[in-house]
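Engineer: Please find one structure pasted underneath; my questions will follow.
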Amino acid sequence: MGIFDNFKNFMGLDNDYDDEVDGYEEQYPVEEEPAPSPIRSRRSRDNVVNIHSKSSMKICIHEPLNYEESPKIVDDLKHNKAVVLNFEQLDMNVKRQIFDFVSGGLYAVEGRMQKVNKDIFILAPPNVEIDGIKEELKNQGVFPW
0 MGIFDNFKNF MGLDNDYDDE VDGYEEQYPV EEEPAPSPIR SRRSRDNVVN
50 IHSKSSMKIC IHEPLNYEES PKIVDDLKHN KAVVLNFEQL DMNVKRQIFD
100 FVSGGLYAVE GRMQKVNKDI FILAPPNVEI DGIKEELKNQ GVFPW
């Protein structure tokens, strides 16, 4: 034994027992978990919209003569139809009553309103965009007011 062997023994670098293998090793059964299948909700498949569908958007024109016609206007909005509302033939009190009723219904369905002139309004359900239409028409010179 030389100096180097003594030094390796002292440092623990010359261990012969590190290479020994136990004759008994426990083996545990490995259970494979099935790969998770992607979960697809029905809603994600329903988001596909055919842009070439034959159904077209409907615009209803209402010229109410009394307050009792107000629910028909709101029903059209609930069925996602745009409405042109003409108040030209009404006196001020009936006009105010119908306007208040329709405004509440429009708010309830989260729709929008655009004034065309003094007594004509465009009412749109949430699926119809009318933002800026008056400004565009004004810029084109169609409606100068």
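Mapping of the sequence shown onto numbering that gives the first Met the number 0: residues 0 to 144, in sequence order.
Even glycine gets a Cβ: it sits at the ideal position worked out from N, Cα and C.
At a cut of 8 Å, does the segment 67–75 reach the segment 109–118 through at least three beta carbon pairs?
Structural biologist: At 8 Å Cβ cutoff, the stretches do not touch.
Engineer: With H, G and I counted as helix, E and B as strand and the rest as coil, what does DSSP make of Gln-88?
Structural biologist: Coil.
Engineer: So what does DSSP say about Ile-129, is it helix, strand or coil?
Structural biologist: Coil at Ile-129, not helix or strand.
Engineer: Is Lys-114 close to chain D? Criterion is C-beta to C-beta, closer than 8 Å.
Structural biologist: Although the question refers to chain D, the structure presented lacks it and comprises just one protein chain.
Engineer: Take Phe-120 as the anchor and find which of Pro-63, Lys-77 and His-78 has the nearest alpha-carbon.
Structural biologist: The shortest C-alpha separation from Phe-120 is found at Pro-63.
Engineer: Assuming Leu-76 contacts Val-82 (C-beta within less than 8 Å), just tell me the rounded distance between them.
Structural biologist: Confirmed, Cβ separation roughly 6 Å.
Engineer: If we ignore side chains and look at the alpha-carbon of each, how far apart do Pro-124 and Glu-32 end up?
Structural biologist: Distance between the alpha carbons of Pro-124 and Glu-32: 49 Å.
Engineer: Can you check whether the CB of Lys-57 is closer than 8 Å to the CB of Lys-80?
Structural biologist: Yes; because the gap between Cβ atoms is below 8 Å, this pair is in contact.
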